[in-house]
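Asker:
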Amino acid sequence: METRYATSPDELPLMDTAAIRERFLVDEVFRAGEVTATYSHQDRVVILGAQPGPDGLELPTFPELRAEFFLQRREAGVVNVGAPGTIVADGVEHEMAHGGCLYLGRGTREVRFTSGDEGDARFYVFSAPAHTDFPTTAVAPGQGTTRELGEQSTSNRRTLNQYIHANGVRSCQVVMGVTTLHDGSMWNTLPAHTHDRRMEAYLYFDLPDDARVVHLMGQPTETRHIVMANEQAVISPSWSIHSGVGTHAYSFVWAMAGENQEFDDMDPAGITDLR
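Sequence positions in the sequence shown follow the working numbering and run 237 to 511.
1. For the alpha helix (DSSP H) containing Arg257, name the first residue and the last one.
2. Under 9 Å, do Leu293 and Arg257 count as touching if we go by C-beta distance?
3. Can you list, in chain order, the residues of its chain with a C-beta nearer than 6 Å to that of Phe305? Leave out the 5 residues immediately preceding and following it.
4. Check whether the stretch 399-414 and the stretch 455-472 touch, using three or more Cβ-Cβ pairs below 8 Å as the test.
5. By the 10 Å Cβ neighbour count, where 16 or more other Cβ atoms means buried, how is Asn316 classified, buried or exposed?
6. Where does Ser391 sit, in a helix, a strand or coil, going by DSSP?
7. Check whether the Cβ atoms of Ile471 and Gln455 sit closer than 9 Å, and answer yes or no.
8. For His429, which option in Met435, Asp263, Asp503, Glu264 has the closest C-alpha, if you only look at C-alpha atoms?
9. Kindly list the residues whose CB is nearer than 6 Å to the CB of Pro386, restricted to its own chain and excluding five residues on each side of it in sequence; keep chain order.
10. From Gly343, Tyr486, Val450, pick the residue whose C-alpha is nearest to that of Leu417; which is it?
11. Do you know offhand how far Ala364's Cα is from Arg511's?
See the structure below:
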């Protein structure tokens, strides 16, 4: 498990490109036959990637958590960004199509990831501390609360699916969903915004190998960027904007944790105010 420490907004202007990428970018979320893990001190979330073969992978109990099992004091949201697969949670099988979501409640002891016959599933996991138990619940792709946002004329037409949220799959603090840009659109999350009550993480996926997303971050008057490839994740502190533009249409998993679960609790930063 890799550890990323919390960052003050005063530090960001002093960082060069390599330092910004080292602090905020999770550049290798998936490795064949492994479970990767990155522990962030931003609200103590853990970002994991599981790329199992047909023999499957168990969710490990990392010694850094000082827990009997991974979800002893935690909850997690999972989105499959690869081929169809299966997650077995305490003996119950959940079929996971591409883009499907599974909430794993606190107290779930055994979690196993398996790929199907169509290739490798790639399970993206976002976990946060939990103070109570909610039931493990699966949501099929597109079956969450759907919002249509943006306009084609401004290159940000997109479909947002909320899966884990206050009016959907219940959780303690994890909020999670998937946004898919329409063909011809490139911009996400406009207007850019911050929310001091929550941190957020993005995983970009369904992006061609020769395409990139320029992810914007930092305070609205002191922005920086990270050039990101397919299936890479970025940690966004609560003080940072999070937006981006791609060279091709793409999807991304957004996941939040913090003080509240109000999706619309945000402080917009208009494009003309960014520096």
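We put the CB at the ideal spot given by N, CA and C, even for glycine. Bear in mind that the values here come from a model prediction, so they are computed numbers and not experimental data.
Answerer: Let me lay it out:
1. 253-260
2. By the CB criterion at 9 Å, Leu293 and Arg257 fall outside the cutoff.
3. The residues are Thr297, Arg345.
4. Touching, no, given that fewer than three Cβ pairs across the two stretches are closer than 8 Å.
5. buried
6. coil
7. In this structure, the beta-carbon distance from Ile471 to Gln455 does not fall below 9 Å.
8. Comparing Cα-Cα distances from His429 to each of Met435, Asp263, Asp503, Glu264, the minimum goes to Asp503.
9. Inspection of the sequence shows that residue 386 is occupied by Gly rather than by Pro. The answer, listed in chain order, is Asn392, Arg393, Arg394.
10. Of all alpha-carbon atoms in Gly343, Tyr486, Val450, the one lying nearest the alpha-carbon of Leu417 is that of Tyr486.
11. Straight-line Cα distance between these residues: approximately 32 Å.
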